[in-house]
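Single-structure report; data block below.
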Amino acid sequence: MRWPHALPNARQRRPQNAPPKRSPAQPPKQCTPRTPAAAASASRCSKCGRATRARMPVRGDFLNGHQICHGGLVFTLADSTFAFACNSYNINTVAAGCSIEFLRPVAGGDVLTAEATEQTLNGRHGIYDIRVTNRAGETVAMFRGKSTQIKGTVIPVDR
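Going by our numbering, the letters in the sequence shown line up with residues 200 to 358, in that order.
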């Protein structure tokens, strides 16, 4: 598969404030979970790019001993959303660090939505904020991810 707006190499990229070059009708394949960890959380990405959105229903087996969603699963949703956002330029990007603040408990049967926003991308380093909300729109967690671009592309580029 050919990336529709492939960058010839990591040094030739759009200016920081330029809108992402992507057709909204055809999101890239990296928006679908490709690993067992991502698939286990049952998260689905509905919008990809510098502003990315993913959802996750809170199943009964996601609850901890207090009968609320285990924080590790909230973290997994936020971290996956962070990964979708920072890899949306089709340059391999990894986490350099991250933190999360849990702000309220999440009940079973709820649906969580994580929205990532790129705060800055300077050279190979980016900072992304991810807000996780419940079905009522209340913020349940805030995640900040710091990214570093490495060699290679997410989707192979035909040359």
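Virtual Cβ for every residue (Gly too), placed ideally from N, Cα, C.
Fair warning: this is a prediction, and the values are worked out from it, not measured in the lab.
Helix, strand or coil for residue i per DSSP?
{"i": "residue 260", "result": "helix"}
{"i": "residue 210", "result": "The predicted model places residue 210 with a pLDDT of 44, which falls under 50 and marks its position as unreliable, so this point remains unresolved."}
{"i": "residue 347", "result": "strand"}
{"i": "residue 280", "result": "helix"}
{"i": "residue 352", "result": "coil"}
Using a Cβ-Cβ cutoff of less than 6 Å, which residues in the same chain neighbour residue i once the five nearest sequence positions on both sides are dropped?
{"i": "residue 326", "result": "318, 319 and 345"}
{"i": "residue 316", "result": "250 and 328"}
{"i": "residue 323", "result": "347 and 348"}
{"i": "residue 215", "result": "With a pLDDT of 48 at residue 215, under the threshold of 50, the modelled position of that residue is not reliable, and the figure given next carries that caveat. Here the set comprises 320."}
{"i": "residue 313", "result": "253, 276, 277, 280, 329 and 331"}
{"i": "residue 343", "result": "298 and 328"}
On the premise that residue j lies in contact with residue i, defined as a C-beta separation below 8 Å, what is that separation, rounded to the nearest angstrom?
{"i": "residue 333", "j": "residue 305", "result": "6 Å"}
{"i": "residue 262", "j": "residue 307", "result": "5 Å"}
Considering only residues of the same chain and omitting the five flanking positions on each side of residue i, which have a CB-CB separation below 7 Å?
{"i": "residue 353", "result": "229, 286, 289 and 291"}
Which residues in the same chain as residue i place their Cβ atom closer than 8 Å to its Cβ, once the five residues preceding and following it in sequence are excluded?
{"i": "residue 339", "result": "273, 301, 302, 303, 304, 305, 311, 331, 332 and 333"}
* What alpha helix (DSSP H) runs, 4 residues minimum, are completely inside the segment 293-341? -> none
* Asked: Given 8 Å as the limit, is there contact between the segment 252-260 and the segment 292-299, that is, 3 or more CB pairs closer than that?
  -> no
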